[in-house]
Amino acid sequence: MTIKFIKDKETKTKVRFTATGDVSGSIYIEKDSELAKDSEIILEIPQVTA
Numbered sequence: 000m001t002i003k004f005i006k007d008k009e010t011k012t013k014v015r016f017t018a019t020g021d022v023s024g025s026i027y028i029e030k031d032s033e034l035a036k037d038s039e040i041i042l043e044i045p046q047v048t049a
């Protein structure tokens, strides 16, 4: 499963990235982080079969 977070809003110290679709929500990244420089963050979750 892949979740794409798109850069949404910037505050004084953080950048908000928001996901939509099957999974929705936001993550907040510190402005001085390398991740905050990107326009999107892609999170890949491997499926585990039992």
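In numbering that gives the first Met the number 0, the protein residues as written are 0 to 49.
The C-beta atom is built at its ideal place from N, Cα and C for all residues, glycine as well.
Being a predicted model, the structure only gives us computed values, none of them experimental.
Cβ-Cβ distance between residue i and residue j below 7 Å
i	j	result
T1	E43	yes
I41	K3	yes
Residue i, buried or exposed, once every other Cβ within 10 Å from all chains shown has been counted against 16
i	result
V22	exposed
A18	buried
Chain-order list of residues whose beta-carbon lies under 8 Å from that of residue i (same chain, five-residue window excluded)
i	result
Q46	M0
Cβ neighbours of residue i in the same chain (closer than 7 Å, five flanking residues each side left out)
i	result
E29	T12, K13, A35
Cβ neighbours of residue i in the same chain (closer than 6 Å, five flanking residues each side left out)
i	result
S25	R15, T17
For residue j and residue i, believed in contact at Cβ under 8 Å, the rounded distance
i	j	result
S38	K6	5 Å
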